Amino acid sequence: MNFVVVGGGTGVSTLLRGLKYFKGIDLKAIITVTDEGGSSGVLRREYNIIPPGDIRNNLVALAKDEEILGKLFSYRFSNGFLSGHTVGNIILTALTKMLGSFTKAVEYISEVLAINGKVIPVSEDLVRLVAFYEDGTVAHGESEIMKVVKKKIIKISLDKETYISKEADCAIKNADVIILGPGSIYTSIIPNLLVNGFYESLNKSKAKVVYVSNLMTQPSESYNFTLSDHVTTIERYLKRKVDYIIVSYSNICESVLRRYLENGSVPVEVDMNDERIIIDDLIEMKDNDGRIRHNPLKLASLIIDLIR
Numbered sequence: 061m062n063f064v065v066v067g068g069g070t071g072v073s074t075l076l077r078g079l080k081y082f083k084g085i086d087l088k089a090i091i092t093v094t095d096e097g098g099s100s101g102v103l104r105r106e107y108n109i110i111p112p113g114d115i116r117n118n119l120v121a122l123a124k125d126e127e128i129l130g131k132l133f134s135y136r137f138s139n140g141f142l143s144g145h146t147v148g149n150i151i152l153t154a155l156t157k158m159l160g161s162f163t164k165a166v167e168y169i170s171e172v173l174a175i176n177g178k179v180i181p182v183s184e185d186l187v188r189l190v191a192f193y194e195d196g197t198v199a200h201g202e203s204e205i206m207k208v209v210k211k212k213i214i215k216i217s218l219d220k221e222t223y224i225s226k227e228a229d230c231a232i233k234n235a236d237v238i239i240l241g242p243g244s245i246y247t248s249i250i251p252n253l254l255v256n257g258f259y260e261s262l263n264k265s266k267a268k269v270v271y272v273s274n275l276m277t278q279p280s281e282s283y284n285f286t287l288s289d290h291v292t293t294i295e296r297y298l299k300r301k302v303d304y305i306i307v308s309y310s311n312i313c314e315s316v317l318r319r320y321l322e323n324g325s326v327p328v329e330v331d332m333n334d335e336r337i338i339i340d341d342l343i344e345m346k347d348n349d350g351r352i353r354h355n356p357l358k359l360a361s362l363i364i365d366l367i368r
């Protein structure tokens, strides 16, 4: 079966880490190109290339040898003139300049990492997000959007016309399953849906569409969002209903919840009674630092079982 995962960085890479172990699926990840933060933002500005960070995260997630090569590509320099940059971001930048194409650079790195699947930039165009808020505020670029907290976004768009890549177009048209997320609703998932040609490609696909809800709200883009808010927003930009909605019901310890609450983040409330919803315990703690994420194998197993 042809599986296509659509999103951005951390959330999608978590799911890919689980899906890559299942046989009998052709796995592709379509990744947004609007990142502006950290190393990616610097390389984007200085070298006029597609930001490599989200792409690198997902390449590493699919790497056959994630323990060695994956760690190497994710290694981040902590001092000197390379401070803040990762090895993978620098290599992707160099290859883009050498080969004249970011997509070709990604394909080359995919061979080096022997990835189990394919990572595809949704577009080859360099674009920025523009967010419009209920109070009339406008934020330009992902970095600025992340700084605006506890305000409701009423619309998000790209700053110029951009078109879906041939590889992404082909992947969507031939997909049996399209998975949206997990990931930030306005800066990871929806940016892909805004690209010209995405809707047309989806409209020609017979794929079932699965939406994986975030575990927690985000004060910069989904402040106080319930599950129905997430789903309604996704479907508005998708221009169709999703077929399945995956949610976690896990109990989170009070001390962890307090740390998230201090930053304006709470668990996504399930306020829908809908036959499309599948609820399971999908949470795991990361690195003992109070961060919560989806468990890769639990989430992947649930999706595989659902589709089969």
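If you read the sequence shown in our numbering, its first letter stands for residue 61, the second for the next number, and so on.
Yeah, the Cβ is synthetic: ideal placement off N, Cα and C, and Gly gets one too.
The structure displayed is predicted, hence computed values, not measured ones.
Using only alpha-carbon positions, find the residue among the options that is nearest to residue i.
{"i": "isoleucine 216", "options": "Lys233, Glu194 and Asn117", "result": "Glu194"}
{"i": "glycine 324", "options": "Asn274, Lys301, Ile364 and Val209", "result": "Val209"}
{"i": "lysine 80", "options": "Leu357, Leu362 and Leu366", "result": "Leu357"}
{"i": "threonine 74", "options": "Arg116, His145 and Leu152", "result": "Arg116"}
{"i": "aspartate 341", "options": "Asn333, Ile151 and Asn355", "result": "Asn355"}
{"i": "cysteine 313", "options": "Asn139, Lys88 and Val326", "result": "Val326"}
{"i": "alanine 191", "options": "Gly101, Arg319, Leu359 and Ser282", "result": "Ser282"}
{"i": "methionine 332", "options": "Val255, Val291 and Met158", "result": "Val291"}
{"i": "lysine 264", "options": "Asp236, Ile249, Asp289 and Val255", "result": "Asp236"}
{"i": "leucine 129", "options": "Asn139, Val120 and Arg136", "result": "Val120"}
{"i": "tyrosine 107", "options": "Leu155, Gly84 and Gly67", "result": "Leu155"}
{"i": "serine 308", "options": "Phe82, Lys157 and Met276", "result": "Met276"}
{"i": "proline 279", "options": "Leu321, Lys266 and Lys131", "result": "Leu321"}
{"i": "arginine 319", "options": "Val302, Tyr304, Thr293 and Ile352", "result": "Ile352"}
{"i": "aspartate 86", "options": "Lys301, Asn234 and Asn274", "result": "Asn234"}
{"i": "lysine 268", "options": "Lys301, Asp289, Asn139 and Asn274", "result": "Lys301"}
Whole angstroms is fine: what's the gap from residue i's alpha carbon to residue j's?
{"i": "serine 134", "j": "methionine 345", "result": "20 Å"}
{"i": "glycine 196", "j": "glutamate 202", "result": "18 Å"}
{"i": "alanine 231", "j": "valine 64", "result": "7 Å"}
{"i": "glutamate 204", "j": "isoleucine 306", "result": "30 Å"}
{"i": "isoleucine 214", "j": "glycine 350", "result": "31 Å"}
{"i": "histidine 145", "j": "isoleucine 90", "result": "23 Å"}
{"i": "leucine 262", "j": "leucine 76", "result": "21 Å"}
{"i": "glutamate 96", "j": "proline 251", "result": "13 Å"}
{"i": "leucine 287", "j": "serine 99", "result": "32 Å"}
{"i": "glycine 69", "j": "leucine 152", "result": "16 Å"}
{"i": "valine 172", "j": "leucine 159", "result": "15 Å"}
{"i": "serine 170", "j": "serine 161", "result": "14 Å"}
{"i": "serine 361", "j": "leucine 122", "result": "16 Å"}
{"i": "leucine 142", "j": "glutamate 335", "result": "51 Å"}
{"i": "glutamate 126", "j": "asparagine 62", "result": "23 Å"}
{"i": "aspartate 229", "j": "isoleucine 339", "result": "31 Å"}
{"i": "arginine 105", "j": "leucine 218", "result": "17 Å"}
{"i": "lysine 157", "j": "isoleucine 110", "result": "11 Å"}
{"i": "valine 272", "j": "asparagine 311", "result": "18 Å"}
{"i": "phenylalanine 137", "j": "leucine 103", "result": "14 Å"}
{"i": "phenylalanine 258", "j": "threonine 293", "result": "16 Å"}
{"i": "lysine 212", "j": "glycine 67", "result": "21 Å"}
{"i": "isoleucine 343", "j": "arginine 296", "result": "28 Å"}
{"i": "aspartate 289", "j": "glutamate 260", "result": "25 Å"}
{"i": "serine 315", "j": "asparagine 274", "result": "20 Å"}
{"i": "methionine 1", "j": "valine 198", "result": "Lying outside 61 to 368, the shown extent of the chain, residue 1 is not represented and no answer is given."}
{"i": "isoleucine 238", "j": "glycine 84", "result": "16 Å"}
{"i": "histidine 200", "j": "asparagine 256", "result": "20 Å"}
Could you tell me how far apart the beta carbons of residue i and residue j are, in whole angstroms, since I believe they sit closer than 8 Å?
{"i": "valine 270", "j": "isoleucine 363", "result": "6 Å"}
{"i": "lysine 266", "j": "glycine 177", "result": "That belief does not hold up - the Cβ atoms of lysine 266 and glycine 177 are roughly 21 Å apart, past 8 Å."}
{"i": "tyrosine 304", "j": "leucine 366", "result": "6 Å"}
{"i": "asparagine 149", "j": "glycine 113", "result": "6 Å"}
{"i": "asparagine 42", "j": "valine 72", "result": "An answer regarding residue 42 cannot be provided, because it is not within the stretch 61 to 368 covered by the chain."}
Do residue j and residue i have their beta-carbon atoms positioned less than 9 Å apart in this structure?
{"i": "threonine 247", "j": "leucine 298", "result": "no"}
{"i": "glutamate 227", "j": "isoleucine 180", "result": "yes"}
{"i": "threonine 94", "j": "isoleucine 249", "result": "no"}
{"i": "leucine 317", "j": "glycine 78", "result": "no"}
{"i": "asparagine 285", "j": "valine 328", "result": "The sequence as given places phenylalanine at residue 285; asparagine does not occur at that position. Going by C-beta atoms, phenylalanine 285 is nearer than 9 Å to valine 328."}
Is residue i close to chain C, meaning its C-beta is less than 9 Å from at least one C-beta of that chain?
{"i": "tyrosine 81", "result": "Chain labels in this structure do not include chain C; a single protein chain is all it has."}
Within the chosen definition, does the segment 177-187 reach the segment 211-224 through at least 3 CB pairs nearer than 8 Å? yes
Count the CB pairs spanning the segment 160-176 and the segment 236-250 that are closer than 8 Å, and state whether there are at least three. no
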